[in-house]
Every structure is written in C-alpha cells, then in structure tokens.
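Below is one structure; the comments refer to it alone.
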Amino acid sequence: MSKGRFGVHGGQYVPETLMNAIIELEEAYEHYKKDPDFNRELEDLLNNYAGRPSRLYFAERMSKELGGARIYLKREDLNHTGAHKINNVLGQVLLAKKMGKTRVIAETGAGQHGVATATAAALMDMECEIFMGKEDTERQALNVYKMKLLGAKVNAVTTGTATLKDAVSEAMREWTNRIDDTHYVLGSVMGPHPFPTIVRDFQAVISKEIKEQILEAEGRLPDAVIACVGGGSNAIGAFYNFIEDREVRLIGCEAAGRGIDTADTAATISTGRLGIFHGMKSYFCQDEYGQIAPVYSISAGLDYPGVGPEHADLYDTGRAEYVAITDDEAVDAFEYLSKTEGIIPAIESAHAVAYAMKLAPAMGRDKIIVVNLSGRGDKDCAAIARYRGEDIHE
Amino acid sequence: MSRIREAFSNGKAFIHFITCGDPSLEVTKEIVKEMEKAGADLIELGIPFSDPTAEGPVIQAANVRALSGGVTTDKIFEMAKELRETVKIPMVFMTYANVVFSYGIERFAQKTEQTGMDGIILPDIPYEEKEEFASVFRKYGLDMISLIAPTSHDRISMIAKEAEGFVYCVSSLGVTGMRSEITTDIDEMVGLVKKCRDIPCAVGFGISTPEQAVKMAGAADGVIVGSAIVKICGQYGADSPKYVAEYVKSMKDAIRQI
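Structure representation (structure tokens):
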C-alpha cells in the first residue's frame with residue numbers, strides 16, 4: 016500500500032508524469048512545516064493579511080429562537096476573501112514560492128478557492144491560472160470578475176458536466192503539461208497524497224482556534240461541531256483538533272441537492288461507493304460500471320462527486336457522522352440566518368446551518384453546538400433570488 | 029514467449045489505440061480486424077471512462093460519444109471475446125483504475141483472461157499503487173503494462189525492473205493528443221530501461237505522422253498511436269474502418285523501412 020492512507024482511503028493514483036512532482040511536494044512540505052521561518056511567515060500572513068483568528072460568535076437570537084442548544088458560529092466568512100479557503104491557499108502558495116515555483120494553477124467550484132488563489136498569487140507575485148466549470152462561471156460571474164481583477168487568467172471548462180469535477184480534471188491535465196515552474200494549489204482535502212494532509216494541516220487552524228475560544232467562552236468543549244462537506248476542507252479543519260475528544264460529535268453536511276433518492280444529488284457518503292478517482296481512493300457517486308455520476312447541488316462549492324479520504328475514513332470508523340441537506344433546506348437556512356442574526360452565509364455553509372436548525376431544538380439548553388460558517392453569502396445572493404423566482408442581475 | 033512479446037519479434041511494432049464503441053461496438057470490431065490486416069502488431073482497446081484525466085480533447089470526446097451510445101464494460105468483454113475468435117495479434121485493454129476497481133479487480137481480471145485478452149494499461153496507476161492490481165492480473169497470466177514519462181528520471185530503473193510485457197514510454201508532458209514536435213530525449217529514456225532490463229519499449233503520446241513514427245521507432249522497439257486514429261473514427265463514424273486501414277498501412281509501411 017502506498018503512502019498517505021486514511022484507513023483504506025487516500026493513496027497516490029496519478030499518472031507517472033506527476034509522480035516526481037508530488038514526491039517533490041511531499042519532501043518540500045515535510046521540510047518547511049518544521050521550518051520556524053516558514054511558520055512565522057505563514058502566521059504573519061494569516062493574522063495580518065487574512066485577519067485571523069476568526070471570531071467564535073455566540074448566536075444568541077438563533078439559539079433562543081430554536082429553543083435548545085447554545086449555537087456558536089465560527090466566522091470563517093470574515094476572513095479576507097470571505098471564506099476558509101484563504102487558510103490553505105496562503106500556506107500552499109508560500110510553500111510553492113519556497114520551492115522556486117513561479118506559477119500557480121487551481122480549480123474552483125463556487126469561485127472562493129479561485130479568488131483566494133488569485134489573491135495569494137497577486138500578493139506573492141506569482142502567475143496564476145484558474146480552471147472553472149463553464150456552468151459555474153455563469154452561476155458565479157462575480158467571482159470570475161474578481162479573479163480577473165486580481166490578475167489571474169480564468170479558463171472556463173466545457174468538458175463533462177462543466178462543473179467542479181471537470182475543473183479538477185482540467186487542472187490536473189494542465190499540471191501534467193507544465194510541472195517545472197508550476198504548483199497545483201488543490202483547494203480541498205482531496206486528490207493524491209500529500210494534498211489531503213497538506214490542506215488539512217493548513218485548515219486545522221480552524222479547530223485549534225475553536226477549541227481555545229470555546230474553552231474561554233464556556234469553559235468546556237462543545238457537544239457537536241457541524242460543517243458542510245464537498246471535498247471537505249472546512250469540515251476537516253473544524254474537526255481535526257477534536258478527533259481525539261470522543262465526547263465531541265463531529266457532523267458533516269453533504270449536499271443532497273433535490274434529495275438523496277433522486278439523481279440530482281451530490282451527497283457522496285449517503286449515495287456513493289468506494290472508488291478511485293482524482294488521485295485518491297475514497298467514496299464517489301458513480302454508476303454500476305464505475306462511471307463518475309453527474310452530480311447536482313444548488314451550491315457550486317459542494318457540487319462534487321467525491322469526498323476527501325480522511326472523511327471517508329472518519330465515516331468508516333464512526334468517528335464522524337454525515338448527513339444530507341437538500342437545496343430547499345439550505346436555502347431556508349440561508350434566509351433564516353440572514354434574518355435572525357444579520358449574517359448572510361455562503362450557500363455551502365447554509366447546509367451546516369440547516370442541520371444545526373434541526374439538531375439544536377432536540378438538544379438541551381446546556382448543550383453547545385459550533386457551526387463552522389465557512390464563507391459569506393454575497394456571491395450567492397443573485398442565485399438564491401432566482402431560486403425564489405426573483406429575477407435580479409448582479 | 030507471451031503473445032505481447034511476440035508483437036515485438038518482427039522488427040518495429042506498431043501499436044494502435046481505439047476507443048471501444050465509438051461510434052458503435054460493431055464498427056470497433058470491424059476497425060480492429062482491418063487494423064490487423066493492415067499490419068498492426070498490437071491493439072489497445074480503450075474502455076471508455078467518464079472522466080479520462082490523462083486524455084486530450086480527441087480521446088475525451090470519443091469517450092463521451094461511446095458512453096452516450098450505451099457502451100458498458102460487459103458489452104466490451106463480449107465484443108473482445110468475439111474478436112478473439114479471428115484476431116491473432118495481441119490485444120490489451122486500456123482504461124482507468126475506477127473502471128476496473130468498481131467492476132471488482134478479480135472479476136475484471138478473470139473476464140479479461142476469459143475473453144483472450146493479453147494485458148491491461150491503467151494510466152492512473154503509478155508504480156506505487158500497482159500491486160493492488162498487478163498481483164491479481166498476474167494470477168490470470170495477464171501483463172500490466174508500466175508507463176514511464178519524461179519526468180520519471182531516477183524512477184525508470186525501479187519501474188523497468190518490475191515491468192511486464194513492454195514499457196510504455198510517454199513521449200511528452202501533458203495528455204494524449206497529436207503534437208507537431210516531440211522534444212523529449214527518447215534515446216535516453218529507452219537507454220535507461222534497457223540498462224536494467226531486456227524488455228521492449230514502445231513510444232506513445234503525440235505521434236501522428238509517418239515521419240514521427242519513423243523517428244520514434246528508431247529510438248525504441250515500437251510506436252503507439254491513439255488520437256490520430258480516434259480522430260478518424262470521430263470524423264468518419266461508421267465509414268471509418270477503411271480510412272483507419274489506409275492510415276495504419278501508411279504508418280506501418282513507414283516503420284517497416286527501419
């Protein structure tokens with residue numbers, strides 16, 4: 016069995032052309048993660064550029080209204096560029112710079128990872144090219160403009176379903192084509208080893224902060240941590256430092272789309288099975304012959320047919336639970352949080368909010384839930400308005 | 029000698045790839061027979077995959093056409109079995125890891141053996157992951173073909189030592205597809221393989237013209253052509269067998285002179 020396994024999941028299922036590149040990346044990462052200068056530089060960027068630590072906010076009105084557990088929101092939406100994606104990107108682009116790379120490429124779904132990558136590339140003076148499914152460039156036109164404004168080239172991917180999975184495939188193809196000067200900034204805890212580990216480590220700052228902040232606010236650990244899961248980077252970030260704390264329930268919310276009993280779903284753990292794709296062994300939505308299924312979710316960021324290998328293992332071992340949230344539930348939560356707390360969440364994060372709305376009333380008032388609010392919802396306003404039948408244009 | 033080795037026993041080998049079921053399995057069968065007649069030494073039968081990450085636009089489009097035509101792994105096994113009744117040259121499957129894994133590696137290998145195929149190529153399985161697959165295929169007497177790339181360098185000897193059948197030398201960076209120029213030092217790549225193993229080396233990715241075939245075959249034991257043939261299938265559909273045959277003959281004639 017190769018390196019980078021989480022139970023049976025993970026591994027390095029990539030063309031030979033990329034093997035030396037990922038070995039080089041692993042070696043560089045192993046070196047720099049122990050390098051005090053690298054860590055100082057990264058911490059400075061996270062604090063002074065991205066605005067960390069992000070707040071842990073007690074959603075008092077929401078908690079009261081739901082009438083159960085006390086709900087805290089981890090405000091990753093307040094980071095520079097508006098989502099948790101910046102944590103990973105600053106780490107990876109800094110690493111790429113140290114490795115002597117001059118160009119970064121990335122895939123993006125909702126556009127948040129693309130914007131974050133373009134941002135870090137502008138900051139660190141790197142050439143940047145983003146791959147985005149054509150359908151997503153239309154759903155998230157504002158983010159396309161932002162990436163261009165930040166100096167990146169945006170390639171609209173028309174192959175396959177023209178969504179996130181096709182953007183990943185195209186970014187991988189481009190990396191095979193140009194390796195010497197280029198680093199592929201993978202945006203989630205997926206792909207071949209070492210990406211799932213690197214991205215998790217850079218996102219683990221979320222749970223590190225949650226732990227400190229909740230201990231200060233409540234004097235104890237939360238009863239549950241809830242996060243949305245596409246590839247799973249914000250969720251693994253929110254879970255990681257709680258994995259050993261068995262009393263903390265870890266709950267990942269997948270996108271059920273129009274329902275897990277329909278074909279229009281992206282809930283991988285609920286509907287998928289074990290497979291090998293995009294460099295990793297994990298769970299994937301696929302047909303009986305292993306053809307990857309065209310998945311669907313209202314949320315471009317969760318519209319992916321696979322899930323990170325560490326999540327697959329957390330599911331296998333029972334350490335984390337995974338639930339499916341429909342478009343309707345997510346849109347309701349999007350509106351609810353806006354009206355109740357004055358916070359417009361990303362439609363991805365609204366999947367986590369939706370589950371908190373179900374869970375909190377069933378828990379006692381002495382219980383504590385932390386919801387990872389992975390991103391802000393400005394980018395989604397036009398799409399949600401259209402979903403509600405209002406024809407507005409950005 | 030395995031049937032795959034035999035393909036390299038009469039001078040330079042000419043290896044062809046086609047996507048099964050583009051435009052239909054009936055036409056695929058005809059094309060394979062025509063290719064054998066026209067002088068092909070080994071045929072790679074591509075089992076289409078929804079997301080072929082190592083392919084360029086031409087083969088990607090063929091995969092889409094084949095899958096939307098309703099082709100499945102089981103139908104391809106049947107077709108291969110029928111082909112084996114008359115086709116004498118070695119044939120291998122080429123597909124992606126998930127197609128095999130999802131079918132069940134053991135079940136897939138058993139079927140492959142029963143259809144009379146000789147081996148398999150999985151471009152998304154590197155050396156580090158190969159035993160999960162190769163150990164099973166070996167049990168059924170099937171070769172799992174290893175690939176080396178322009179970026180392999182120090183990995184070549186490790187890969188060559190355990191290679192089966194022949195070594196697939198990827199000529200260029202990037203994905204499959206026709207290229208006007210191939211800049212990799214193929215002599216050096218092949219030399220590194222031969223230094224540690226006496227195993228045939230065939231060069232693929234980017235080769236489409238007789239001139240390129242001659243140049244590449246000069247440095248190796250054979251050439252592999254995929255996209256150029258798949259492009260003909262895309263262009264002529266049901267009429268493609270005769271055009272493919274003409275093309276194969278022109279390529280084979282060119283490398284026969286070496």
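Residue numbers (my numbering), protein chains in the order written: chain A, 16 to 409; chain B, 29 to 286. Idealized CB from N, CA, C, for every residue including glycine.
Between which two residues does the beta strand (DSSP E) carrying A/Thr197 extend? Residues 197-199.
Does any residue of chain B have a CB that is nearer than 9 Å to the CB of A/Gln107? no
Only counting runs of 4 or more residues, tell me where the alpha helix (DSSP H) segments fall wholly within the stretch 50-108 of chain A, in order along the chain. 51-59, 75-81
DSSP puts A/Met147 in a beta bridge; with which residues? A/Thr123, A/Ala171
Could you tell me the alpha carbon to alpha carbon distance between A/Leu40 and A/Lys161, rounded to whole angstroms? 29 Å
So A/Gln306 packs on B/Phe77, CB below 8 Å; how close in whole Å? 7 Å
Give me the subset of the stretch 20-39 of chain A whose CB atoms are less than 8 Å from a CB atom of chain B, sorted by chain position. Gly26, Gln27, Tyr28, Val29, Pro30, Glu31, Thr32, Leu33, Met34, Asn35, Ala36
By DSSP's criteria, A/Glu336 is part of a beta bridge. Which residues make up the other side? A/Ile266
Please find out if some non-hydrogen atom of the ligand HEM comes closer than 8 Å to the beta-carbon of A/Leu40. Looking for the ligand HEM in the displayed structure turns up nothing, as the structure carries no ligands at all.
Do A/Ala167 and A/Ile145 have their C-beta atoms within less than 9 Å of each other? The answer is yes: Cβ separation under 9 Å.
A/Gly97 to A/Glu91, Cα distance in whole Å? 7 Å
Give me, in chain order, the residues of the same chain whose beta-carbon lies closer than 6 Å to that of A/Thr174; leave out the 5 immediate sequence neighbours on both sides. Asp181
A/Asn180 versus chain B: which residues are under 8 Å apart at the beta carbon? Sequence inspection shows Lys at residue 180 of chain A; the Asn mentioned does not correspond to that position. The contacting residues are Asp79.
Within 9 Å, strictly: CB atoms of B/Ser96 and A/Glu303: Taking 9 Å as the Cβ cut-off, B/Ser96 and A/Glu303 do not qualify as a contacting pair.
Is the stretch 22-34 of chain A touching the stretch 44-52 of chain A in the sense that three or more CB pairs, one from each, lie closer than 8 Å? no
When DSSP builds the beta bridges, which residues end up paired with B/Phe121? B/Phe121 pairs with B/Leu73, B/Ile148.
When you compare each of A/Thr341, A/Asp347, A/Leu110 to A/Asp318 by their alpha carbons, which one comes out closest? A/Thr341
Within 9 Å, strictly: CB atoms of A/Gly83 and A/Arg380: yes
Do you know offhand how far B/Glu106's Cα is from B/Thr143's? Going by the C-alpha atoms only, they are around 7 Å apart.
Kindly list the residues whose CB is nearer than 7 Å to the CB of A/Asp196, restricted to its own chain and excluding five residues on each side of it in sequence; keep chain order. Lys116, Thr117, Arg118
Beta-carbon within less than 6 Å of A/Leu27's beta-carbon, same chain only, minus the 5 sequence neighbours each way: which residues are those? Contrary to the premise, residue 27 of chain A reads as Gln rather than Leu in this sequence. Excluding sequence neighbours, A/Gln27 sits near Ser17, Pro207, His208.
For chain B, find out if any of its Cβ atoms is closer than 9 Å to the Cβ of A/Asn170; answer yes or no. For A/Asn170, the answer is no, since every Cβ of chain B falls outside 9 Å of its Cβ.
For a cutoff of 9 Å on Cβ pairs, would you count A/Arg188 as touching chain B? yes
Would you be able to state if there are at least three C-beta pairs under 8 Å between the stretch 273-292 of chain A and the stretch 314-333 of chain A? yes
Taking the continuous alpha helix (DSSP H) assigned at A/Thr283, which residues delimit it? Start and end: 283-286.
Would you list the residues sitting across from A/Asn387 in a DSSP beta bridge? A/Lys89
Could you tell me whether the Cβ of A/Thr15 comes closer than 9 Å to any Cβ of chain B? Summary: the structure shown does not reach residue 15 of chain A, with chain A confined to residues 16 through 409, and so no result is reported for it.
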